[in-house]
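The sequence shown maps to residues 1 to 422 in this note's numbering. All C-beta atoms, glycine included, are put in the ideal place defined by N, C-alpha and C. For clarity, every value in this text was computed on a predicted model and none was experimentally measured.
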Amino acid sequence: MYQPLADELRPTELDEVYGQRHILGPGGLLRRIIESGSVPNMIFYGPSGVGKTTVANIIAKKTQRKLCRLNATTATSADIREIVAQLDTFLAPNGILLYLDEIQYFTKKQQQTLLEHIESGSITLIASTTENPYFYIYNAILSRSTVFEFKPIGPEDAAQAIERAIRYLAGKSGLTVETEEGAVQQMAQGCGGDLRKALNAVELLFSAGKAKDGVLTLGLEDAKAVSQKSSMRYDREGDQHFDVLSALMKSLRGSDPDAALHYLARLLEAGDLAGACRRILCSASEDIGMAYPQAVSIVKACVDNALQLGMPEARLPLAQACILLATAPKSNSVVLAIDAAMRDVRAGITGNLPRELQNVHADGTGFERDQGYRYPHDFPNHWVRQQYLPDELVGRTYYHYGDNKTEQAARKYWEAIQGGDN
Numbered sequence: 001m002y003q004p005l006a007d008e009l010r011p012t013e014l015d016e017v018y019g020q021r022h023i024l025g026p027g028g029l030l031r032r033i034i035e036s037g038s039v040p041n042m043i044f045y046g047p048s049g050v051g052k053t054t055v056a057n058i059i060a061k062k063t064q065r066k067l068c069r070l071n072a073t074t075a076t077s078a079d080i081r082e083i084v085a086q087l088d089t090f091l092a093p094n095g096i097l098l099y100l101d102e103i104q105y106f107t108k109k110q111q112q113t114l115l116e117h118i119e120s121g122s123i124t125l126i127a128s129t130t131e132n133p134y135f136y137i138y139n140a141i142l143s144r145s146t147v148f149e150f151k152p153i154g155p156e157d158a159a160q161a162i163e164r165a166i167r168y169l170a171g172k173s174g175l176t177v178e179t180e181e182g183a184v185q186q187m188a189q190g191c192g193g194d195l196r197k198a199l200n201a202v203e204l205l206f207s208a209g210k211a212k213d214g215v216l217t218l219g220l221e222d223a224k225a226v227s228q229k230s231s232m233r234y235d236r237e238g239d240q241h242f243d244v245l246s247a248l249m250k251s252l253r254g255s256d257p258d259a260a261l262h263y264l265a266r267l268l269e270a271g272d273l274a275g276a277c278r279r280i281l282c283s284a285s286e287d288i289g290m291a292y293p294q295a296v297s298i299v300k301a302c303v304d305n306a307l308q309l310g311m312p313e314a315r316l317p318l319a320q321a322c323i324l325l326a327t328a329p330k331s332n333s334v335v336l337a338i339d340a341a342m343r344d345v346r347a348g349i350t351g352n353l354p355r356e357l358q359n360v361h362a363d364g365t366g367f368e369r370d371q372g373y374r375y376p377h378d379f380p381n382h383w384v385r386q387q388y389l390p391d392e393l394v395g396r397t398y399y400h401y402g403d404n405k406t407e408q409a410a411r412k413y414w415e416a417i418q419g420g421d422n
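Rendered as structure tokens:
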């Protein structure tokens with residue numbers, strides 16, 4: 001029966017696990033917990049192929065409890081009841097260690113079904129998830145568990161695992177294996193921190209390779225072919241979607257055009273043209289705003305061009321927009337102003353509109369007083385002193401001029417005009 005290489009080479013001891021030194025290295029908290037033999041409820045959070053299941057298996061070996069495995073994508077409430085039914089029987093005299101993969105797919109009710117037994121200690125839960133547990137896991141489960149973050153495998157660790165896999169398959173096949181320079185590094189980099197992808201790439205190379213005189217050559221071009229695009233970690237419904245969009249926005253705000261182009265490229269490679277356009281359009285007002293008001297028009301034109309062109313040409317106007325925004329002067333005065341105004345409105349601080357601003361076209365009998373609206377264009381510099389805010393908000397300031405050249409010029413202009421009486 002076929003067994004994937006990643007399963008054949010799955011580590012059985014902590015020292016064999018690649019990466020995760022921050023929690024499994026000498027003195028690491030998770031390592032100390034495992035070695036103590038007293039295992040609490042835990043949640044392993046991280047992307048696929050970084051060792052979450054492997055570490056759970058190692059923990060199961062070191063405990064005297066019966067190991068049960070469930071995958072939340074396929075498990076039902078009946079599966080949970082079946083596990084619970086084994087408690088306090090000869091099948092599980094010391095309790096159960098439940099490894100629940102992809103716990104984020106369990107409903108709140110399913111998670112609550114486990115709660116009573118987790119709290120009593122009859123079931124020890126080790127759950128894994130690729131999504132942020134604080135968004136997807138029931139709070140009562142979280143409060144009774146310790147969360148450990150598993151990080152993507154670095155290229156150096158991935159290269160070591162790939163070389164080990166090559167040696168293993170060479171011994172298994174009886175072939176002499178020669179690896180072209182750069183092939184291992186290509187697969188290590190191309191796996192995107194997912195060790196399972198890296199080992200799958202090695203297995204594919206062996207399957208596709210043709211030995212000559214007992215020698216199998218693993219070529220660089222073949223390594224590129226089996227690892228192409230595998231470094232992309234992107235899920236439009238998951239954390240990666242929002243993480244990359246956030247990184248693009250923050251790079252534009254941070255005036256780093258190189259980082260902005262990098263995250264734009266990741267979005268475009270993942271096919272998320274709409275997401276990239278939306279973030280770029282938002283940044284023009286949120287982060288540049290009044291420091292360079294023309295940015296809105298230019299960026300809108302770039303986005304329109306991109307949507308009309310489609311990929312791959314769309315990358316050009318969007319790259320232009322990113323470079324413009326990243327290198328433009330910055331101001332968040334627009335954000336601060338509208339947010340301050342909305343806070344007042346939501347708090348009920350509104351008041352009646354001044355009579356001068358109401359939509360009244362005739363004054364006379366029945367009105368408390370004449371409207372008395374003064375038309376600014378009838379006065380010098382097209383401005384006249386007049387109350388616009390409701391009485392309850394007179395004196396309230398929402399907009400504060402930014403310290404950039406454009407806004408300071410506008411401030412000086414209006415200070416000069418408004419300094420006189422009209």
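Taking the beta carbon of residue i as the centre, do at least 16 other beta carbons fall within 10 Å, making it buried, or is it exposed?
i	result
Thr-53	buried
Thr-12	exposed
Tyr-375	exposed
Asp-99	At residue 99 the sequence reads Tyr, which differs from the Asp that was named. Buried.
Pro-317	buried
Ser-38	exposed
Met-342	exposed
Asn-422	Low local confidence applies: a pLDDT of 46 at Asn-422 is under 50, so the model's placement there is unreliable, with the coordinate-based value given in what follows. With fewer than 16 Cβ atoms within 10 Å of its Cβ, Asn-422 is classed as exposed.
Val-303	buried
Starting from residue i, trace the alpha helix (DSSP H) in both directions and tell me its first and last residue.
i	result
Asn-139	139 to 143
Tyr-373	Careful: Tyr-373 lies outside any alpha helix (DSSP H) and carries neither H nor E.
Ile-338	333 to 346
Tyr-263	257 to 269
Leu-309	294 to 309
Leu-316	315 to 327
Ile-23	21 to 24
In the DSSP assignment, the beta strand (DSSP E) including residue i goes from what residue to what residue?
i	result
Asn-132	Neither: Asn-132 is in no beta strand (DSSP E) and is coded neither H nor E.
Ile-43	42 to 45
Leu-218	215 to 218
Phe-148	146 to 149
Leu-353	Taken as a continuous stretch (DSSP letters only), Leu-353 belongs to no beta strand (DSSP E), as it is neither H nor E.
Ile-96	96 to 101
Does DSSP classify residue i as helix, strand or coil?
i	result
Asp-425	A question about residue 425 goes unanswered here, because the residues of the chain that appear run from 1 up to 422.
Cys-68	strand
Val-177	strand
Ile-153	coil
Asp-194	coil
Leu-30	helix
Glu-116	helix
Leu-87	strand
Asp-243	helix
Thr-397	coil
Asn-422	In this prediction, Asn-422 has a pLDDT of 46, which is less than 50 and means its spatial position is unreliable; nothing more can be read from the coordinates.
Ile-417	helix
Thr-428	Since the first residue shown for the chain is 1 and the last is 422, residue 428 is missing from the structure and cannot be characterised.
Lys-212	strand
Tyr-18	coil
Inspect the beta-carbon positions of residue i and residue j and report whether they are closer than 8 Å.
i	j	result
Val-244	Arg-266	yes
Cys-322	Leu-252	yes
Leu-248	Leu-264	yes
Ile-137	Ile-96	no
Ala-284	Leu-325	yes
Ser-333	Glu-407	yes
Ala-60	Arg-196	no
Val-226	Ala-201	yes
Gln-185	Ala-165	no
Please name the residue, chosen from the options, that lies closest to residue i on a Cα-to-Cα basis.
i	options	result
Ser-331	Ile-417, Lys-405, Phe-150 and Pro-155	Lys-405
Pro-152	Arg-65, Ala-60 and Asp-194	Asp-194
Val-50	Arg-279, Asp-157 and Thr-176	Asp-157
Pro-380	Ala-259, Gln-112, Asp-272 and Gln-418	Gln-418
Gly-46	Lys-62, Tyr-2 and Asp-101	Asp-101
Thr-146	Asp-391, Ile-34 and Pro-293	Ile-34
Gln-320	Ala-301, Ala-337 and Glu-131	Ala-301
Phe-206	Tyr-413, Gly-171 and Ala-295	Gly-171
Leu-125	Arg-32, Thr-397, Gln-386 and Met-42	Met-42
Ser-77	Ala-259, Tyr-2, Tyr-105 and Glu-181	Tyr-105
Glu-181	Asp-15, Ala-140, Glu-149 and Ala-223	Ala-223
Arg-10	Tyr-168, Gly-154 and Pro-133	Tyr-168
Ala-161	Ile-118, Val-345 and Tyr-18	Tyr-18
Beta carbon of residue i: closer than 7 Å to some heavy atom of the ligand HEM?
i	result
Tyr-138	The ligand HEM is not among the ligands present in this structure, which contains no ligands whatsoever.
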